[in-house]
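First to last, the sequence lines map onto chains S and X.
In terms of this note's numbering, the first sequence is residues 12 to 438.
In terms of this note's numbering, the second sequence is residues 565 to 1023.
Quick reminder that beta carbons are idealized off the backbone N, C-alpha and C, glycines included.
What follows is one structure encoded as structure tokens, with my remarks underneath.
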Amino acid sequence: MQHRIPVEALGQEGEVMAHAIEACVHCGFCLPTCPTYVVLQEEMDSPRGRIFLMKEVLEGALPLEEALPYLDRCLACQACVTACPSGVPYGELIATFRLHTEEKRHRYPLERVYRLALLRTLPHPERFRPLAELATRLKPLLKPLPLPKPLKAPLDLLPERLPTEAPYLEIYPAKGERKARVGLLLGCAQRVLRPSINQATIRVLQENGVEVVVAREQACCGALNLHAGDKEGARALARKNLKAFQDVDYVVSNAAGCGSGMKEYPLLFLGEPEEEAARALAAKVKDLTVLLDELGFTPPPPPRTPLRVVYHDACHLAHAQGVREAPRRLLRAAGLEVLEPKEWELCCGSAGTYNLFQPEIAEALGRRKAENLKATEPHLVVTGNIGCLTQISAYLQGIPALHTAELLALLYEGKDPLSGEKQGTRL
Amino acid sequence: MGFLEELKALLPGRVLTHEAALAPYESDALTAYRKRPLAVVLPEGKEEVVAVVRLCHRHGVPFVARGSGTSLSGGSLPVEGGIVLALNRMNRILRLDPKARIAVVEPGVVNLEVSRQAAPFGLYYAPDPSSQPVSTIGGNVAFNSGGAHCLKYGMTANHVLGLEVVTPEGEVVRLGGESLEGVGPDLHGFFVGTEGLLGVAVEITLRLLPKPEAYHTLLAAYRSLEEAGNAVSLVIRRGLLPGAMEIMDRLAIEAAEKAVRAGYPEAEALLIVELEGPKEEVAEEAQVLEEVIRESGAYAVRVAGSEAERQAIWKGRKAAFSAVGRLSPDYLVQDGVVPRSRLGEALREIQRLSQAHGLRVANVFHAGDGNLHPLVLYDGKKPEELERAEALAGEILRLCVRLGGSLTGEHGIGVEKKAYMPEMFAPEDLLAMERVKRALDPKGLANRGKVLPEVVHGG
Chain S
12 MQHRIPVEAL GQEGEVMAHA IEACVHCGFC LPTCPTYVVL QEEMDSPRGR
62 IFLMKEVLEG ALPLEEALPY LDRCLACQAC VTACPSGVPY GELIATFRLH
112 TEEKRHRYPL ERVYRLALLR TLPHPERFRP LAELATRLKP LLKPLPLPKP
162 LKAPLDLLPE RLPTEAPYLE IYPAKGERKA RVGLLLGCAQ RVLRPSINQA
212 TIRVLQENGV EVVVAREQAC CGALNLHAGD KEGARALARK NLKAFQDVDY
262 VVSNAAGCGS GMKEYPLLFL GEPEEEAARA LAAKVKDLTV LLDELGFTPP
312 PPPRTPLRVV YHDACHLAHA QGVREAPRRL LRAAGLEVLE PKEWELCCGS
362 AGTYNLFQPE IAEALGRRKA ENLKATEPHL VVTGNIGCLT QISAYLQGIP
412 ALHTAELLAL LYEGKDPLSG EKQGTRL
Chain X
565 MGFLEELKAL LPGRVLTHEA ALAPYESDAL TAYRKRPLAV VLPEGKEEVV
615 AVVRLCHRHG VPFVARGSGT SLSGGSLPVE GGIVLALNRM NRILRLDPKA
665 RIAVVEPGVV NLEVSRQAAP FGLYYAPDPS SQPVSTIGGN VAFNSGGAHC
715 LKYGMTANHV LGLEVVTPEG EVVRLGGESL EGVGPDLHGF FVGTEGLLGV
765 AVEITLRLLP KPEAYHTLLA AYRSLEEAGN AVSLVIRRGL LPGAMEIMDR
815 LAIEAAEKAV RAGYPEAEAL LIVELEGPKE EVAEEAQVLE EVIRESGAYA
865 VRVAGSEAER QAIWKGRKAA FSAVGRLSPD YLVQDGVVPR SRLGEALREI
915 QRLSQAHGLR VANVFHAGDG NLHPLVLYDG KKPEELERAE ALAGEILRLC
965 VRLGGSLTGE HGIGVEKKAY MPEMFAPEDL LAMERVKRAL DPKGLANRGK
1015 VLPEVVHGG
């Protein structure tokens, strides 16, 4: 598409954005895979529409504030990237645009506080944990109150009781011959809300001949800040990780968004002294399932009774990282029947903090996703991302949902994945 | 009350007037043309379309109906001072009768969705434009959309049994019915392909076909485009009627391969032939086809061994247009038709024109019915390159007409090709079209300024 963006004036960020806009031919192939378009059926809530809006804003033809309602509704799920025949790097475009415009936009004081509160607590387990504990305790008291949605939505997503997170060892040795030495990214909210995922991940890696290093100085990946346009917050976190993961073969992530977040470090440090180091780290980042698939998977003993699982593609695995086959191969190798839902490409509405900022659309998408998953009549829903797990579980009504790592760990331990022992994974 | 106030009262909350909401509706898939509409309305049922059209008629405000905005000829480009009727929310399949093999749908239903809903009954909707995962039935009807498989099954017009249409004056009329054996003049056939000049279809009755029992999909590589073009005539001459015959040239192959990794071999030209029908018939025809292809000079032949491989072949072909965006910042898609027997000649001449104008042309087209899709690659940032591209595109169109073909196979005239209408039609022909238009739309409100050249409009 033609544009009159003053690229020179916008520096390297301008180049990234202009490149994406030029690549768009406005064909509309992105429309049917865009979650907001599917729900709202309006052009400005589609990837093609948003690209046009960003172009207009960058050209100075449209005030930023007018375009923001539609741009803010984008989940950054990147389903459009998968669908795009022209190769528009939409993910890079929207992330860069958000970084580029955050300082220029107006936010109401209350919104500013809410946003800051989230960005200052969620990525920091030592701050988030006490808050989450307090909130879970108050939940029964607060729930009946007519709270505004932005306060009610996060409350709904909290579990009834916060599990305790056992302290991590520094090194977990590989079982049998060592095939690789990896650093595990512990994540932020996930550690607090569902520590069993990290424990299960370590267990599964050990079973597959992988030595796991849990670096003490690591931080949250920073994706939350990056996608909210908080460049400095994201960089501060990322710098810690650039240091913490220097001497490992790979960095393993077990959350879709964190994996793709770390792969975006080069974008975050574009033109900065850390750009090289960021590239080196990004190249080492692998999702748990991809690493196992590449190293050669040693499957657990198959379940005692046949198990039908439906695999839900987390957007930041399927679209942002192109990971769809590896997890399915592992599940099949483990002797499970893997079912495929309709509309696999459509986001469940979790999308980081999306369900906190856009609760109505998130709910519509969550319901739709749950219906599609349930229609396959599974025993279990499996996915590779905590956000999806929490979001989908809210609408699944009775069908259990597990992280891929949790399911595999249970099988290695010879436990029945349907018996509800999932929190009991011991190392 | 003014027009906009009345409009807002009709569809509360569903009339877009903010700049940010209007801007994305400025263009369809032909971004060389842009026009910001006065407003965009989002009707959710046919009564609302009727009400809006009547209001437009009363106030003399022009309107353009729009589906997914995938037109390559500017067919859904907004018009000066007019509104856009975005019919996307009218996306219900109202009735699907597997026994009668029909589907009654709203105009905003996406083409592929009809086949998806019909699949459990072993049925599908045959016309398959490359945009089928996106484009809507309403738009397909307006442009009489084709697709790869129209070689065997015909265009949209051959699959529309009946229509409910809101005329530009706001009357609601039913044309056709629910079976192929219509009574009276074939008015629904007449309406299909009129590019929104005669009103808005609000309900469409489609014919569904039983899914073929078997497919045989073959990929043949050639050393020249002309050779591939000639192979098409050979296949037909041997008495075969494949479901589809498609050709892609080197540039198109390169683009498609980058976009979807279809696994195409490197070649100057690729021919895709798909046989379909009852198992035994397909098996028998496959042998004949193999023979013909061997004789035609193909140096590599591959047959899809599974449904996944077949899908990959088609995915590459159907992504080709947009994929060309990877090779060039801008391009014009042409849609001329030539008689099948003159395909080789046309392709040779297009290559010559491309060299003479110093602009690359990628070719990807429905070879079976002679429907060419030359993509003229240009860079709009370079001075006058768009004008040069348009000149080259114009020469290609003239070439098609000269060879006994036509300006458009399926993308329509829209705004893009209306200047070329006099090349194909005599003044009397154009005047006849103009009279029909004026009889049904005296105020000239429905998709004003499209299709018919101004010379005629004035007269």
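Under the Cβ distance rule, S:L42 counts among the residues neighbouring chain X, one pair being separated by less than 7 Å. Taking one beta carbon from each stretch, the segment 873–883 of chain X and the segment 824–840 of chain X have 3 or more pairs nearer than 8 Å; the two touch.
In the three-state scheme derived from DSSP, where H, G and I count as helix and E and B as strand, S:S264 is classed as strand. For a cut-off of 8 Å, the C-beta gap from X:A795 to X:G932 is around 11 Å, too long to register as a contact. About 16 Å separates the beta carbon of S:I403 from that of S:A416, a gap too long to meet the 8 Å contact definition. The segment 615–623 of chain X makes contact with the segment 725–743 of chain X, as at least three CB pairs between them are under 8 Å.
S:I213 is the residue among S:C199, S:Q201 and S:I213 whose C-alpha sits nearest the C-alpha of S:Y179.
Nearest to X:E871 by alpha-carbon distance, out of X:H780, X:A820 and X:G934, is X:H780. Beta bridge pairing from DSSP links X:N927 with X:P938.
Under a criterion of Cβ atoms nearer than 9 Å, the residues of chain X adjacent to S:Y81 are, in order, A584, A585 and P588. Just so you know, the alpha carbons of X:R787 and X:D813 end up roughly 10 Å apart.
If you ignore the 5 residues before and after X:I960, its C-beta comes within less than 7 Å of the C-beta of Q898, G900, I914, L917 and P938, all in its own chain and listed in chain order.
With the criterion set as a beta carbon lying under 8 Å from some beta carbon of chain S, the members of the segment 648–666 of chain X are A650, N652, R653 and N655, in sequence order. With a cutoff of 7 Å on beta-carbon distance, S:E356 and S:A106 are scored as not near each other. Listed along chain S are V36, H37, C38 and G39, each with a C-beta nearer than 8 Å to that of X:A593. Only A884, F885, S886, A887, V888, G889, R890, P893, D894 and Y895 from the segment 884–901 of chain X bring a Cβ to less than 9 Å from some Cβ of chain S. At least one CB of chain S lies nearer than 7 Å to the CB of X:S632. For the 7 Å CB-CB criterion, X:P671 and X:P642 do not form a contact. DSSP places S:K297 within a strand segment (E or B) once states are collapsed to three.
With a minimum length of 3 residues, the unbroken runs of beta strand (DSSP E) contained wholly in the segment 166–240 of chain S fall at 191–195 and 221–224. In this structure, the CA atom of S:L64 is about 25 Å from the CA atom of X:N655. The beta carbon of X:G944 sits closer than 7 Å to some beta carbon of chain S.
Where X:E838 is concerned, there is no enclosing alpha helix (DSSP H), although the beta strand (DSSP E) around it starts and stops at A833 to G841. When secondary structure is reduced to three states using DSSP, S:S271 falls in the helix class.
Using beta-carbon distances, S:Q408 does not count as an interface residue toward chain X, since no partner is under 7 Å. X:A955 and X:A920 have their C-alpha atoms spaced approximately 12 Å apart. Cβ proximity to chain S below 9 Å picks out V604 and L606 from the segment 600–627 of chain X.
S:M28 does not reach chain X, its nearest Cβ partner there being about 15 Å away, counting only Cβ pairs nearer than 7 Å. In chain order, V604 place their CB closer than 8 Å to the CB of X:A585, counting only its own chain and leaving out the 5 sequence neighbours on each side.
DSSP places X:E810 inside the beta strand (DSSP E), whose first and last residues are A808 to D813.
At a Cβ-Cβ threshold of 7 Å, S:Y406 and S:A381 count as neighbours.
Around X:A823, the beta-carbon contacts reaching into chain S at under 9 Å are C95, P96, S97 and G98. Taking 3 residues as the shortest admissible run, the segment 630–689 of chain X contains the following complete beta strand (DSSP E) segments, listed from N- to C-terminal end: 647–650, 657–661 and 666–669. Between the segment 688–707 of chain X and the segment 618–633 of chain X there are three or more inter-stretch CB-CB distances shorter than 8 Å, so the stretches are counted as touching. For X:V766 against X:V965, the beta-carbon gap comes to about 35 Å, at or over 8 Å, which does not count as contact.
In the three-state DSSP reduction, S:R246 falls in the helix class (H, G or I).
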